[in-house]
Amino acid sequence: MASAPTIAIAANNGDIGGGEVMLLAIAEALREIGHRPLVLGPTEPSEIIDAAADRGFATHAIPASSRPAYMVGLALWRLRNRRSGGRALPLWCNGLVPSLATVGQGPRLLELHALPAGVNRFAAAVALADSAPLVVPSRFMKTRFPRARVLWNWVEDPGFAPARDGGAGEQPNVPDPGAPIRIGFLGRLTRDKGVDVLLHAFRTVQQQSPRPVELVLGGENRFGTSEDDRVIQGLIDHTEDVRVLGWVPRGELFAQVDLCVFPSRAEETFGLVVAEAMAAGMPFIISDAGALPEVAGPEHPFRARNGNDSDLARVILKAIDELGDDHASLLRRARRRYEEDFSPEAGTRRLRELLTDLTWARSG
């Protein structure tokens with residue numbers, strides 16, 4: 010007979026975005042600490058439930074194919090499942106949707122991984138009205154929610170491999186003098202991720218770089234708009250030497266490029282892809298949007314002004330120029346920052362400290 014769960018984690022969405030990636034990471038860390046997580050999500054889309062089951066977690070699918078139906082179903086489930094195995098069942102609300110759906114139904118912890126905008130600001134005010142503890146993924150986001158506790162995200166270790174194209178070891182590749190410099194982007198192909206800014210900057214780089222350059226875009230328009238598609242596809246159609254890979258694993262994109270650019274316009278509340286680049290030994294450029302500088306660290310040299318394609322072009326050209334130098338020390342420093350702050354070991358340590366401090370995790 011399966012053991013009763015000791016903590017439930019309710020997903021914000023059925024499909025997998027950055028928040029759901031972290032839900033799975035949190036579940037893994039909870040299991041390592043000794044908890045028995047139960048992952049909750051809608052029946053449609055079922056990506057998060059399927060992914061959790063594949064990892065061996067107990068799951069419960071809420072019959073729903075829309076957000077309102079999921080919220081109602083989750084509220085009803087919580088009313089019937091305040092206890093498990095004779096003790097209180099804490100609920101980790103992984104986002105605004107479960108936080109709002111289960112308001113007043115503790116013990117619970119609220120995690121916000123996006124800044125509420127528009128009508129969601131009112132929803133957040135309602136969801137946060139009770140005294141449930143709140144965690145956010147960055148110091149930047151804590152400035153908006155002063156009562157929150159910061160729980161930095163973390164990412165799996167892909168292995169430190171700055172030598173690409175089949176190379177080995179920790180010495181980064183320097184592209185052949187005649188070969189194009191391959192500039193990569195990984196993420197949603199939307200304007201809030203700065204893809205239009207990058208395409209404008211890339212045109213300037215093409216004109217000014219002493220080396221040929223290529224742009225490799227890994228991603229697609231998830232959660233964006235048809236206007237994003239129109240604007241970005243129009244820029245791609247009128248820009249030479251751009252390849253669009255579609256949605257690809259991080260490692261596949263990193264293996265095909267010499268440096269990455271993460272030019273978000275939106276105020277990012279963390280920056281998973283930045284932590285992934287640091288872990289893998291991938292040189293990268295960021296905008297100064299939201300928490301991206303917080304993740305990259307104060308010593309990171311390649312930072313452009315948010316939404317400014319001229320400044321982004323300047324920083325890309327600077328990075329290209331320095332690819333020929335010995336930048337191994339920069340990559341090793343970024344790797345050390347990853348290991349200390351954004352590795353699974355660091356995340357599990359922080360999570361253990363959080364649970365030790367919070368009475369909701371010890372209710373019973």
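Per the working numbering, residue 10 is the first one in the sequence shown, and the count goes up by one each step. Every residue, glycine too, gets a C-beta built ideally from N, C-alpha and C.
- Here Ala138 is exposed, its C-beta having fewer than 16 other C-beta atoms within 10 Å.
- Counting other Cβ atoms within 10 Å of its Cβ, Gly356 reaches 16 or more and is therefore classed as buried.
- Note on geometry: alpha-carbon atoms of His309 and Arg96 lie some 47 Å from one another.
- When DSSP states are grouped into helix, strand and coil, Trp256 belongs to the coil group.
- Annotated three-state conformation of Ile325 is helix, per DSSP.
- DSSP lists Ala97 as the bridge partner or partners of Arg92.
- Taking 8 Å as the cut-off, the Cβ atoms of Ile241 and Asp267 do not count as close.
- Each of Glu354, Leu208, Ile190 and Leu339 was checked against the Cα of Thr248, and the nearest Cα belongs to Leu208.
- 8 Å or more divides the Cβ of Ser12 from the Cβ of Arg64.
- It is roughly 15 Å from the alpha-carbon of Ala123 to the alpha-carbon of Arg158.
- In this structure, the beta-carbon distance from Ile294 to Val270 falls below 8 Å.
- In this model, Ile25 and Glu56 are separated by some 6 Å (Cα to Cα).
- Taking one beta carbon from each stretch, the stretch 344-356 and the stretch 221-232 have fewer than 3 pairs nearer than 8 Å; the two do not touch.
- Residue pairing by DSSP places Leu268 opposite Ile192 in a beta bridge.
- For Leu224, the enclosing beta strand (DSSP E) stretches over residues Val222 to Gly227.
- Here the C-alpha atom of Gly260 lies approximately 42 Å from the C-alpha atom of Gly113.
- Distance from the CA of Leu32 to the CA of Gly187, rounded to the nearest whole angstrom, comes to 44 Å.
- Distances from the alpha-carbon of Glu303 to those of Ser147, Ala133 and Val30 put Ser147 closest.
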